[in-house]
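S.K.: If you're matching them up, the sequences are chains E and B in order.
For the first sequence, numbering that gives the first Met the number 0 gives the first residue as 0, with consecutive numbering after it.
For the second sequence, numbering that gives the first Met the number 0 gives the first residue as 0, with consecutive numbering after it.
In this text, a Cβ means the ideal position worked out from N, Cα and C, and glycines have one as well.
Note that this is a predicted model, so its numbers are computed, not measured.
2 protein chains.
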Amino acid sequence: MAQTKNFRFEELLDKHHLKKTGARLRVLSMMYSKNTATSQPDLESVMSDIDRVTLYRILNVFEEKGIIHKVFDLNGTANYAVCHADCGENHHHDEHLHFNCTNCKNVYCLDDLHMPRLNLPEGFKADSFTLYASGLCPKCSKKNASSIN
Amino acid sequence: MAQTKNFRFEELLDKHHLKKTGARLRVLSMMYSKNTATSQPDLESVMSDIDRVTLYRILNVFEEKGIIHKVFDLNGTANYAVCHADCGENHHHDEHLHFNCTNCKNVYCLDDLHMPRLNLPEGFKADSFTLYASGLCPKCSKKNASSIN
DNA sequence: AATGTAAATGTAATTATGTTGCATTTATAA
DNA sequence: TTATAAATGCAACATAATTACATTTACATT
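(1) To the nearest angstrom, how far is the alpha carbon of residue 94 of chain B from that of residue 108 of chain E?
(2) Determine whether the beta carbon atoms of residue 133 of chain B and residue 99 of chain B lie at a separation below 9 angstroms.
(3) Any beta-carbon of chain B closer than 9 angstroms to the one on residue 123 of chain E?
(4) Report yes or no: is there a C-beta of chain B within less than 9 angstroms of the C-beta of residue 35 of chain E?
(5) First and last residue of the alpha helix (DSSP H) that includes residue 78 of chain B?
(6) For residue 60 of chain B, I'd like the list of residues in its chain whose CB is within less than 7 angstroms of its CB, leaving aside the five on either flank, ordered along the chain.
(7) At the level of alpha carbons, what is the spacing between residue 120 of chain E and residue 13 of chain E?
(8) Could you check what DSSP says for residue 37 of chain E in three-state terms: helix, strand or coil?
(9) Could you spell out where the beta strand (DSSP E) holding residue 122 of chain E opens and where it closes?
(10) Does the distance between the C-beta of residue 11 of chain E and the nearest non-hydrogen atom of the ligand GDP fall short of 8 angstroms?
(11) List the residues of chain E whose Cβ lies closer than 8 angstroms to the Cβ of residue 112 of chain B, in chain order.
(12) Taking the straight line between their C-alpha atoms, what separation do you get for residue 29 of chain E and residue 128 of chain B?
(13) For chain E, check one thing: does any of its Cβ atoms lie closer than 9 angstroms to the Cβ of residue 55 of chain B?
(14) Would you mind working out which of B:27, B:50, B:130, B:124 sits nearest residue 143 of chain E, comparing C-alpha positions?
(15) Is it buried or exposed, residue 82 of chain B, if we count other Cβ atoms within 10 angstroms and call 16 or more buried?
(16) Is the separation between the beta-carbon of residue 26 of chain B and that of residue 57 of chain B shorter than 9 angstroms?
(17) For residue 70 of chain B versus residue 97 of chain B, is the C-beta spacing smaller than 9 angstroms?
(18) Counting only Cβ pairs nearer than 9 angstroms, list the residues of chain E close to residue 27 of chain B.
(19) If the cut is a Cβ gap below 7 angstroms, which residues of chain B does residue 80 of chain E touch?
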């Protein structure tokens, strides 16, 4: 039930020495309730009573603490998603596939799909990889199959 | 020599039925002279005599025609690079590695490094992939090795 | 329970980024 | 040479993000 879930988020904030404010809890519960990333514009319109600047600051600390990670979609728009992997303070393990649906514009973080090792040209020293793909997500590819608009 | 190179760019514009204007030729010669992508802010400051709007429009037609492609760096900033592969009108083959150096901020398009095939979860239908990596480029990793700042 | 304080939020202003409409100029085909 | 479609410049607008500072609030400590 709702209390249990909220308690979980309060614990999370505690763990990172962040104060448990209404705005932060709402952002957390929104992001954890979806299996897709949340775009900055979306977040703003849903949480329109919270000041834009406050939202930016919440997103920034959450990112610093390793609670969420930022990913840019095909249009360069910032999207935020919860980190499922072992992301720590200023240390993101964001090495999964970001799938951008060209129809519904949703960004999916496919965590189970890990990066294959590949050898870079001489001299390049990579410390992180991210893979992007675009196309149709399950919902939209099903929709298109039945009725080609 | 310069004339020969310029002729090459004029040919390119001709091929795509674009008028040979000074601004376009300058953008082309700048982008072709580098092995890294050019950020939108960089382009603006170098070509400060050309109107911002004109630059946006030049970049857009070049992208539509498949002459250049757009890539967002780690900060979500737009970067543009010439297409070496077989990009056609509204049809980009951008499936190579984009390496973002965390030190000099340069974005390298490593064309020779192609995407490994990978199987997506049920339902996802991808039509394009892009791989991002961040770390140190050859120049910066050499620099860091000699003098750790 | 009251309260002091650092942390968090709100407000206003500023900068960067990108777009649109329209007037003017220019490359080029005829 | 000239007509004209394309390209550019200019002004205004829209959105995204940051900074400085005033106000409020969570919460540790008494």
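M.R.: Reading from the atomic positions:
(1) Inter-residue distance for residue 94 of chain B and residue 108 of chain E is about 19 angstroms (C-alpha atoms, whole angstroms).
(2) Taking C-beta atoms as the reference points, residue 133 of chain B and residue 99 of chain B count as a pair closer than 9 angstroms.
(3) For residue 123 of chain E, the answer is yes, since a Cβ of chain B falls inside 9 angstroms of its Cβ.
(4) Judged by the 9 angstroms Cβ criterion, residue 35 of chain E is not in contact with chain B.
(5) That residue, residue 78 of chain B, is in no alpha helix (DSSP H); its beta strand (DSSP E) goes 77–81.
(6) Apart from the 5 residues on each side of it in sequence, residue 60 of chain B sits with its Cβ closer than 7 angstroms to the Cβ of 17 in its chain, given in chain order.
(7) C-alpha separation (whole angstroms): 44 angstroms.
(8) Annotated three-state conformation of residue 37 of chain E is strand, per DSSP.
(9) Careful: residue 122 of chain E lies outside any beta strand (DSSP E) and carries neither H nor E.
(10) As presented, the structure is devoid of all ligands, the ligand GDP included, so that no description of it is given.
(11) What residue 112 of chain B touches in chain E: 117, 119, 120.
(12) Whole-angstrom Cα-Cα distance: 28 angstroms.
(13) It does not: the Cβ of residue 55 of chain B has no partner Cβ on chain E nearer than 9 angstroms.
(14) Restricting attention to B:27, B:50, B:130, B:124, the CA atom closest to the CA of residue 143 of chain E is found in B:124.
(15) Using a 10 angstroms sphere on the CB of residue 82 of chain B, the tally of other CB atoms reaches 16 or more, which defines it as buried.
(16) Yes.
(17) Against a cut-off of 9 angstroms, the Cβ pair of residue 97 of chain B and residue 70 of chain B comes out as a contact.
(18) The premise fails here: residue 27 of chain B is roughly 23 angstroms from chain E at the closest Cβ pair, so nothing lies under 9 angstroms.
(19) Result: empty, since nearest Cβ-Cβ is about 15 angstroms, beyond 7 angstroms.
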